[in-house]
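Peer 1:
There are 2 protein chains.
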Amino acid sequence: MAVKVLAEASPEEVRFAELQRRMAGVSQKMLSVTLQAMTRDGLVGRRVEPTVPPRVYYRLTPLGLSLEGPLAMVRAWAEEHMAEIDGANRRSQDEAATD
Amino acid sequence: MAVKVLAEASPEEVRFAELQRRMAGVSQKMLSVTLQAMTRDGLVGRRVEPTVPPRVYYRLTPLGLSLEGPLAMVRAWAEEHMAEIDGANRRSQDEAATD
Numbered sequence: 001m002a003v004k005v006l007a008e009a010s011p012e013e014v015r016f017a018e019l020q021r022r023m024a025g026v027s028q029k030m031l032s033v034t035l036q037a038m039t040r041d042g043l044v045g046r047r048v049e050p051t052v053p054p055r056v057y058y059r060l061t062p063l064g065l066s067l068e069g070p071l072a073m074v075r076a077w078a079e080e081h082m083a084e085i086d087g088a089n090r091r092s093q094d095e096a097a098t099d
Numbered sequence: 001m002a003v004k005v006l007a008e009a010s011p012e013e014v015r016f017a018e019l020q021r022r023m024a025g026v027s028q029k030m031l032s033v034t035l036q037a038m039t040r041d042g043l044v045g046r047r048v049e050p051t052v053p054p055r056v057y058y059r060l061t062p063l064g065l066s067l068e069g070p071l072a073m074v075r076a077w078a079e080e081h082m083a084e085i086d087g088a089n090r091r092s093q094d095e096a097a098t099d
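These protein sequence lines are chains E and L, in that order. Using full-length UniProt numbering, the first residue of the first sequence is number 1, and each one after it goes up by one. Using full-length UniProt numbering, the first residue of the second sequence is number 1, and each one after it goes up by one.
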């Protein structure tokens, strides 16, 4: 999801606060941990503007951008089959309830 | 990884013990939780043979099989870029050490 939002903005960078706004439902902590891991892996570049408070900007590196294509395939699959997966989950719950 | 191993065996089913053998480094607990979630989501079918001890077999459903293509794209990307990602991680560690 972070890759998708950053890929849409690419080659522009995105502020942390703006990323959070565009990824509703992801906690600040989870987003921060994810971006740290992606930075460590070389998928994301991080730039701090020394204002008060500091502004932190992220952008995809060429490596991170190359991941967007494969991830988009999985995302498309998930969107196409979401109803089917929800249905399977509901049936599993019903079976558990009648066990 | 479970999808890959099950897709390779498809349409044959695979015993839990055999899955574990083919996924070295994945704990029994982790494999078991993963297969439970995949069964709930309708990706995997589960069959118990009432022997003593019972034998449990898994196979991909058509839905699970349809996920293999998109996942293979991500797997290919990861294999292609593994060295680059390892390099980025080493540089991050070196920077952390000299901070």
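Every residue, glycine too, gets a C-beta built ideally from N, C-alpha and C. Nothing here was measured: the structure is a model prediction, and the numbers come from that model.
Could you tell me which chain E residues have their CB closer than 7 Å to the CB of G42/L, listed as they occur along the chain?
Peer 2: What you label residue 42/L is simply residue 42 of the second sequence in a count that begins at 1. By Cβ distance, chain E contributes E84, I85 and A88.
Peer 1: For M73/L, which residues in chain E fall below 8 Å Cβ to Cβ?
Peer 2: Start at 1 with the first residue of the second sequence, and residue 73/L comes out as number 73. Correct list: G69, P70, M73 and V74.
Peer 1: Give the single residue among L60/L, G69/L and V26/L whose Cα lies nearest to the Cα of R75/E.
Peer 2: The count along the first sequence starts at 1 and reaches residue 75/E at position 75. With distances taken between Cα atoms, R75/E lies closest to G69/L.
Peer 1: Taking the alpha helix (DSSP H) that V56/L falls in, what are its first and last residues?
Peer 2: In the second sequence, residue 56/L corresponds to position 56, counting from 1. No alpha helix (DSSP H) holds V56/L; the beta strand (DSSP E) holding it covers R55 to L60.
Peer 1: Would you kindly report the start and end of the unbroken beta strand (DSSP E) that includes E18/E?
Peer 2: Here residue 18/E refers to the residue found at position 18 of the first sequence. Unbroken run through E18/E is the alpha helix (DSSP H), F16 to R22; no beta strand (DSSP E).
Peer 1: Among V52/L, R91/L and R59/L, which has the Cα closest to the Cα of A2/L?
Peer 2: The sequence position of residue 2/L within the second sequence is 2, counting from 1. Of V52/L, R91/L and R59/L, the residue nearest in Cα terms is R59/L.
Peer 1: Just the C-alpha distance for E49/L and R55/E, rounded to the nearest angstrom, thanks.
Peer 2: Mapped onto the second sequence, residue 49/L falls at position 49. Mapped onto the first sequence, residue 55/E falls at position 55. Distance between the alpha carbons of E49/L and R55/E is about 59 Å.
Peer 1: Within the same chain, show all residues whose beta-carbon is closer than 6 Å to that of A72/E, passing over the 5 residues directly before and after it, in chain order.
Peer 2: Counted from its first residue, the first sequence places residue 72/E at position 72. Result list for A72/E: empty, nothing under 6 Å.
Peer 1: Mind reading off the beta-carbon distance from T34/L to G45/L? Whole number of angstroms is fine, and I expect it under 8 Å.
Peer 2: On the second sequence, position 34 is the one that residue 34/L refers to. On the second sequence, position 45 is the one that residue 45/L refers to. Not confirmed; about 15 Å, so no contact.
Peer 1: Report the rounded CA-to-CA distance for G25/E versus I85/E, giving the unit in angstroms.
Peer 2: If you number the first sequence from 1, residue 25/E lands on position 25. If you number the first sequence from 1, residue 85/E lands on position 85. Between G25/E and I85/E, the C-alpha separation is close to 20 Å.
Peer 1: I need the boundaries of the alpha helix (DSSP H) containing V48/L, first residue and last residue.
Peer 2: Locating residue 48/L in the second sequence gives position 48, where the first residue counts as 1. Note, V48/L: premise wrong, no alpha helix (DSSP H); beta strand (DSSP E) at V44 to E49.
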